[in-house]
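Residue numbering for the sequence shown follows my numbering, starting at 944 and increasing by one per position.
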Amino acid sequence: MNCAGMWARQVGQWAGVSVPLHAAEHFYIVSEPIAGVHAGLPTLRDPGGYTYYREEVGAILAGFFEPVAKPWGMNGIPANFEFTRLPEDWAHLDPVFDVMARRMPVLGTAGIHTFFNGPESFTPDDAYHLGEAPEVKNFYVAAGFNSIGIQSSGGAGKVLAEWIVNGHAPLDLWDVDLRRNQPFQNNARYLQDRTVEGLGLLYDMHWPFKQFKTARNVRRSSLHDRLAAAGACFGSVAGWERPNWYAPAGVEPEYKYSYGRQNWFAYSAAEHRAVRENVGLFDQSSFSKFLMQGRDALAVLNRVCGNQIDVPVGVVVYTQLLNARGGIEADVTVNRLDAERFLILDAAALQNRTGPWLQRQIQTAEFATLTDVTSAYTMLGVMGPQARALLSQVTSADLSNAAFPFATSREIEVGYAMVRATRLTYVGELGWELLAPTEFALGVYEALLEAGRAFDLKLAGFHALNSLRQEKGYRHWGHDIGDEDTPLEAGWALR
Ligand SMILES: Cc1cc2nc3c(=O)[nH]c(=O)nc-3n(C[C@H](O)[C@H](O)[C@H](O)COP(=O)(O)OP(=O)(O)OC[C@H]3O[C@@H](n4cnc5c(N)ncnc54)[C@H](O)[C@@H]3O)c2cc1C
């Protein structure tokens, strides 16, 4: 059990377990006693001023979540640092002090009794780390409490105890599950850069679709620069920069956050319509991709998949990976490449969950291996009623319904490349997902774009992908379904 607070990253490394967190300096002040201040006063939070206030022995304690934090402990946390204080830094807090004095003027004159600066650990997404490590069975983690470790401790302790006893989370805890992190996130520079933003996020406005500003451009598809030049506004998932929507010429590809319709709505709607009525092109390279192979691969998959996987070579099965309780561990497609080789596709965010989970399903006596091949392929989705007509321009393969039925897959030539084409989409339209070995992807993209001119091909982003799949009632793991739901509860029995 690794509950070593800000030392947890180092402790994890001893066991080969990634616990991405970084310390930041965290401040509060306590005023001199103030007449009339008593223990019955409520706690006051001022998110706009990045400050909270509460009574502390007849005085006011004001704590800060300043928007630009100070990472600390870049060279590792000293082993003997427990309960030690860091130096005061008045200049750093100057901007929030000004707001504080306006919000609670008495603090401008009361005098400051204590200036406290202590380190606290922050995680890349400001959610804490709970649960079993994907790397090591029975290695549990509770760390990275992002300055709410005291208030969270009761609940965190309860669910973790049940998690350890039962071997699975007692409720949907995906938001704080250690497995949501990717191995790269343990990179020290990444953590330091992200921590600058992390502390203040707690009090920042939680806009829908809000994107991190720091530590971006970590994972980029081989088409990234082309898509950026085409106006892509990127969002970050599992470190991947993914085009969420495309800004037309003259429009900045930037989010303008709002609780109403945001600035991208009309552009995404046009992408949505293009896919529904004509043809669109998605860069889906971020999807997780796993190769399960070996003479027992079929047996392993048939044990954990809700659907029959023993299908003819070239058939793709949309299915769920089920745990022993019938809960949905993942929502995937399984593509039978040959008798003993299966390509499994899952969402980007689940790479570090589905891969290790599948790996653990291979029993000791079984002859099967699982390889993460996510980085090997760039994935392009050609989707919409005109997908066949467009794709036919760049391949000699017969794409007719008879020759290339729904839910089948095969290698086809596109431009100079050999590409695995799978006739399946997440948008509920005619379409193909094309997996091109990464170094061939630009050529495939160029061929599609050139042929696409005659079809008014539109680049489409993940917001459109999401609205298209929602319109068709396609579930999304983590939003609509999770490991607490069975396929029957998810409504699949009726389909
Ligand atoms: C200024 C400040 C104000 C805060 N205010 C609040 C607040 O108002 N409300 C709130 O909820 N939270 C608050 N917090 C955050 C809260 O204190 C932390 O989130 C919480 O203490 C974290 O608990 P933890 O058990 O994860 O880590 P810790 O409390 O740091 O405990 C980790 C323990 O692991 C031990 N350890 C490390 N390495 C090893 C090893 N190799 N072997 C054995 N033991 C080891 C350490 O000695 C330490 O005792 C505040 C933090 C700060 C700095």
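Backbone N, C-alpha and C fix where the C-beta goes; we use that ideal spot for every residue, glycine too.
### Query
Where does the unbroken alpha helix (DSSP H) through Q1302 begin, and where does it stop?
1294–1304 is the extent of the alpha helix (DSSP H) around Q1302.
### Task
Would you give the residue range spanned by the beta strand (DSSP E) that E1063 belongs to?
Going by DSSP, E1063 is part of the beta strand (DSSP E) stretching over 1055–1065.
### Task
Sort out for me which residues DSSP pairs L1265 with in a bridge.
Paired residues: I1271.
### Task
Go ahead and label S1329 buried or exposed: buried means 16 or more other beta carbons lie within 10 angstroms of its beta carbon, across all protein chains shown.
It should be pointed out that residue 1329 corresponds to Gln in this sequence rather than to Ser. Classification of Q1329: buried, given that the 10 Å Cβ count is 16 or more.
### Query
How many angstroms separate the CA atom of L1280 from the CA atom of A1346?
Straight through space, the alpha carbons of A1346 and L1280 are spaced by roughly 17 Å.
### Local conformation of R1137 per DSSP, three classes
R1137: helix per DSSP, three-state reduction.
### Message
Which residue wins for smallest C-alpha separation from G991, given the options A1267, D1147, P1067?
### Response
The shortest C-alpha separation from G991 is found at D1147.
### Message
Tell me which residue opens and which closes the beta strand (DSSP E) that I1093 is part of.
### Response
It is not in any beta strand (DSSP E) - I1093 instead sits in the alpha helix (DSSP H) that spans 1092–1109.
### Query
Beta carbon of G1097, beta carbon of T1066: below 9 Å?
No, Cβ-Cβ distance for G1097 and T1066 is not below 9 Å.
### Message
Taking the beta strand (DSSP E) that D1037 belongs to, which residues open and close that run?
### Response
Not the beta strand (DSSP E): D1037 falls in the alpha helix (DSSP H), residues 1033–1046.
### Task
Measure from the alpha carbon of G1051 to the alpha carbon of each residue in F1040, I1093, D1136, then state which is nearest.
Ranking F1040, I1093, D1136 by Cα distance to G1051 puts F1040 first.
### Query
Measuring from the CB of Y971, is there a heavy atom of ligand 1 at a distance below 8 Å?
Flag set: Cβ of Y971 near ligand 1.
#### Entry: Residues passing the C-beta test against ligand 1 heavy atoms, cut-off 5 Å
Taking each Cβ in turn, the ones that pass are A947, G948, W950, H969, E1025, G1061, E1063, F1088, S1090, I1091, G1092, I1093, Q1094.
#### Entry: Three-way DSSP call (helix, strand, coil) for Y1388 in this model
Residue state, collapsed to three classes: helix.
### Message
Is it buried or exposed, L1333, if we count other Cβ atoms within 10 angstroms and call 16 or more buried?
### Response
Residue environment analysis places L1333 among the buried positions, since at least 16 neighbouring C-beta atoms fall within 10 angstroms of its C-beta.
### Message
Going by DSSP in three states, W1117 sits in which element: helix, strand or coil?
### Response
Of the three classes helix, strand and coil, the one that applies to W1117 here is helix, per DSSP.
### Task
Note the first and the last residue of the continuous beta strand (DSSP E) segment covering V1325.
Unbroken beta strand (DSSP E) run through V1325: 1320–1326.
#### Entry: C-beta atoms of F1383 and A1364 nearer than 9 Å
A1364 sits away from F1383, with the two beta carbons spaced by 9 Å or more.
### Message
Between which two residues does the beta strand (DSSP E) holding S1231 run?
### Response
Residues 1231–1236.
### Under 9 Å between C-beta atoms of V1337 and L1391
Going by C-beta atoms, V1337 is nearer than 9 Å to L1391.
### Query
To the nearest angstrom, how far is it from the Cα of Q1413 to the Cα of L1301?
Straight-line Cα distance between these residues: approximately 27 Å.
#### Entry: Segment limits, alpha helix (DSSP H) that includes N1245
Run containing N1245: 1240–1247, per the alpha helix (DSSP H) assignment.
### Query
With DSSP run on the structure shown, which of helix, strand or coil describes M1017?
In this structure, M1017 counts as coil in the three-state DSSP scheme.
### Task
Taking 9 Å as the cut-off, decide whether the C-beta atoms of M949 and A1085 are in contact.
No, Cβ-Cβ distance for M949 and A1085 is not below 9 Å.
### Message
Helix, strand or coil, according to DSSP, for D1428 in the structure here?
### Response
Secondary structure of D1428 (DSSP, three-state): coil.
### Query
Between the beta-carbon of A1005 and the beta-carbon of V980, is there less than 9 Å?
For A1005 and V980, no; Cβs fall outside 9 Å.
#### Entry: Reference A922; option with closest CA among S1090, P985, L1265
The first residue shown for the chain is 944 and the last is 1438, placing residue 922 beyond what the model contains.
### Message
Can you tell me whether I1271 is buried or exposed? The criterion is at least 16 other CB atoms within 10 Å of its CB, across all chains shown.
### Response
Note on I1271: 16 or more other CB atoms within 10 angstroms of its CB, so buried under the neighbour-count rule.
### Query
Which residue from A1213, F1405, E1372, S1211 puts its Cα closest to that of A1290?
For A1290, the closest C-alpha among the options A1213, F1405, E1372, S1211 is that of F1405.
### Query
From Y1189, N1221, L1036, pick the residue whose C-alpha is nearest to that of F1208; which is it?
The shortest C-alpha separation from F1208 is found at Y1189.
### Task
Quick one: grab the DSSP three-state call for F1347.
DSSP places F1347 in coil when its eight states are reduced to three.
### Task
With a threshold of 16 other CB atoms inside 10 Å of the CB of S1318, please say whether the residue is buried or exposed.
Burial call: exposed.
### Query
What are the residues that DSSP puts in a beta bridge with D1289?
Secondary-structure assignment with DSSP links D1289 through a beta bridge to S1231.
### Task
My understanding is that V1275 touches L1288, with C-beta atoms under 8 Å, so please give their C-beta distance in whole angstroms.
About 6 Å separates the Cβ atoms of V1275 and L1288, confirming a contact at the 8 Å cut-off.
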